[in-house]
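Counting the sequence shown from 1 gives a position; the numbering used here is that position plus 668.
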Amino acid sequence: MRSGQDSGGGKIARPDTAGPAGPPAAVSAAGQALVFALIDVLDTLKEALEDPDPVEMVHDARKAMKELRALLRLVPGDTALALRRHTAEVARAMSGARDKAAAGEAIDVIESAGLLIACDAADARAAIGPDAAEPEEAERHRAALTSFGAEVRAALAGDFGAEVAAADIGAGLVKAYRQARRAHFADPHLLHEVRKKVVVHRYQMSFIASAFGGRGAKRARKAQRLRDILGAHQDIEILRPILQAAPDMAEGTRHRLDFAMDLAQKRLKKKGRLRHKALFRLRPKAFLARYRDLLEPVAAI
Numbered sequence: 669m670r671s672g673q674d675s676g677g678g679k680i681a682r683p684d685t686a687g688p689a690g691p692p693a694a695v696s697a698a699g700q701a702l703v704f705a706l707i708d709v710l711d712t713l714k715e716a717l718e719d720p721d722p723v724e725m726v727h728d729a730r731k732a733m734k735e736l737r738a739l740l741r742l743v744p745g746d747t748a749l750a751l752r753r754h755t756a757e758v759a760r761a762m763s764g765a766r767d768k769a770a771a772g773e774a775i776d777v778i779e780s781a782g783l784l785i786a787c788d789a790a791d792a793r794a795a796i797g798p799d800a801a802e803p804e805e806a807e808r809h810r811a812a813l814t815s816f817g818a819e820v821r822a823a824l825a826g827d828f829g830a831e832v833a834a835a836d837i838g839a840g841l842v843k844a845y846r847q848a849r850r851a852h853f854a855d856p857h858l859l860h861e862v863r864k865k866v867v868v869h870r871y872q873m874s875f876i877a878s879a880f881g882g883r884g885a886k887r888a889r890k891a892q893r894l895r896d897i898l899g900a901h902q903d904i905e906i907l908r909p910i911l912q913a914a915p916d917m918a919e920g921t922r923h924r925l926d927f928a929m930d931l932a933q934k935r936l937k938k939k940g941r942l943r944h945k946a947l948f949r950l951r952p953k954a955f956l957a958r959y960r961d962l963l964e965p966v967a968a969i
């Protein structure tokens, strides 16, 4: 059971929005659910920070930060924008710790596609090196994330919690959908931008599914599959400079690896384009109409 729901009638509990006397704040069931979803993500982040394995800690923390940023995009206003930017800054500081793992996953993808011989895969993995994070670096990340989590919790306990509860979730949802629908696959940078927008849509649809009895779960799964394809393409892009910088790699091995990376990315790009077209075939208004009944009802508290 997600926090914010009781075990009886399934109603979403009301957040504590006590403050100065004034007119009652308008809140929606979706807005209330989003407050508790954000708290759930912060709990997930806290659990990630307790993992003694620095590699797993960084991996799980980055996932939680992506989800947090996606959900914050459902909320308008300066506070949500500032928190999103801070989330991005903290997550960006951990990107280097994730690159080796991403490069290793790229090798796995290329090898599973039958595009690498065993000796070339072994040479590529040797060039990447062990997937390990320096303990001092991991502790810096842990401290920064702990401080960040406390900051967001404090904001939710104050006026920002009321802003979230009163947010027009439908407006935020369709805005992110519209942005994800406008996709360009011309080069790796543009494709990477598409991937980031698909990630936002995936987490937002997972929130809708969790808050409203599974509505949107199928779409969230399809978005995740598309994200995996686009993510594999990006992982290969991370792998490229690592292999190019490898000093002791035979020229024949380097040539075969370049060919394998090019072919794998070409296939992933084609598959991603087709899945994207299918997932975002609806116009934004038609997409929102499927969920408007969940998002429009407003009550006063």
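Heads up, the beta-carbon is just placed ideally off N, CA and C, and yes, glycines get one too.
First and last residue of the alpha helix (DSSP H) that includes Tyr845?
-> For Tyr845, the enclosing alpha helix (DSSP H) starts and ends at 837-849.
Can you grab the Cα-Cα spacing for the pair Val867 / Arg849, in whole Å?
-> Whole-angstrom Cα-Cα distance: 12 angstroms.
So, are the CB atoms of Ile785 and Leu963 less than 8 angstroms apart?
-> It is not a contact, given that the beta carbons lie outside the stated cut-off.
Return the chain-ordered list of same chain residues with a C-beta closer than 6 angstroms to the C-beta of Phe948, the five sequence neighbours on each side being excluded.
-> Once the five neighbours on either side are set aside, the close Cβ partners of Phe948 are Arg849.
Identify which residue in Val862, Met929, Gly920 has its Cα closest to the Cα of Arg943.
-> Arg943 has its Cα closest to that of Val862, out of Val862, Met929, Gly920.
Start-end ranges of the beta strand (DSSP E) lying completely within the region 873-924, minimum 3 residues | Runs found: none.
The region 734-753 contacting the region 778-796, beta-carbon criterion three pairs below 8 angstroms | Under the 8 angstroms Cβ criterion, the region 734-753 does not count as touching the region 778-796, having fewer than three qualifying pairs.
Using a Cβ-Cβ cut-off of 6 angstroms (strictly less than) and excluding sequence neighbours within five positions of Ala900, which residues of its own chain qualify?
-> Counting only Cβ-Cβ distances below 6 angstroms, and skipping sequence neighbours, we find Val777, Leu936.
Exposure of His857, with buried meaning 16 or more beta-carbon neighbours within 10 Å | Classification of His857: exposed, given that the 10 Å Cβ count is below 16.
Euclidean distance between Cα positions of Lys865 and Ile897 | For Lys865 and Ile897, the distance between alpha carbons rounds to 14 angstroms.
Can you check whether the CB of Leu742 is closer than 8 angstroms to the CB of Gln872?
-> Closer than 8 angstroms, so yes.
Three CB pairs or more closer than 8 angstroms across the region 812-822 and the region 916-923 = No: the two stretches stay apart, fewer than three of their Cβ pairs being nearer than 8 angstroms.
Please work out which residues of its chain come closer than 6 angstroms, Cβ to Cβ, to Val703, disregarding the five sequence neighbours upstream and downstream, and give them in chain order.
-> Excluding sequence neighbours, Val703 sits near Pro683, Gly829, Val832, Ala833.
Within the same chain, show all residues whose beta-carbon is closer than 6 angstroms to that of Leu950, passing over the 5 residues directly before and after it, in chain order.
-> Residues of the same chain with their beta carbon placed closer than 6 angstroms to that of Leu950 are lacking, with the five preceding and five following residues left out of the count.
Within 8 angstroms, strictly: CB atoms of Gly817 and Lys714 | Their beta carbons are under 8 angstroms apart, which means Gly817 touches Lys714 by this criterion.
Assigned exposure category for Pro970 - 16 Cβ within 10 Å defines buried | Since the first residue of the chain shown is 669 and the last is 969, residue 970 is not available in this structure.
How many angstroms separate the CA atom of Arg908 from the CA atom of Asp926?
-> Computed Cα separation, rounded: 8 angstroms.
Could you spell out the range, first to last residue, of the alpha helix (DSSP H) harbouring Gly699?
-> DSSP places Gly699 in the uninterrupted alpha helix (DSSP H) bounded by 697-717.
Residues in its own chain within less than 6 angstroms of Asp767 by CB, not counting five upstream and five downstream?
-> Excluding residues up to 5 positions away in sequence, Ile906 lie with their Cβ nearer than 6 angstroms to the Cβ of Asp767 in the same chain.
Whose CA, out of Lys945, Gln933, Arg958, Ala957, lies closest to the CA of Ile775?
-> Measuring from the Cα of Ile775, the nearest candidate turns out to be Gln933.
In whole angstroms, what separates the C-alpha of Ser675 from that of Pro803?
-> Low per-residue confidence applies at Ser675: pLDDT is 36, beneath 50, and the placement is therefore not dependable, though the value from the model is reported in the following sentence. Those two C-alpha atoms are separated by around 42 angstroms.
Sub-8 angstroms separation of Ala885 and Arg870 beta-carbons | Their beta carbons are not under 8 angstroms apart, which means Ala885 does not touch Arg870 by this criterion.
Any idea what DSSP makes of Val726, helix, strand or coil?
-> If DSSP states are grouped into helix, strand and coil, Val726 belongs with the helices.
Start and end of the alpha helix (DSSP H) containing Leu784?
-> Taken as a continuous stretch (DSSP letters only), Leu784 belongs to no alpha helix (DSSP H), as it is neither H nor E.
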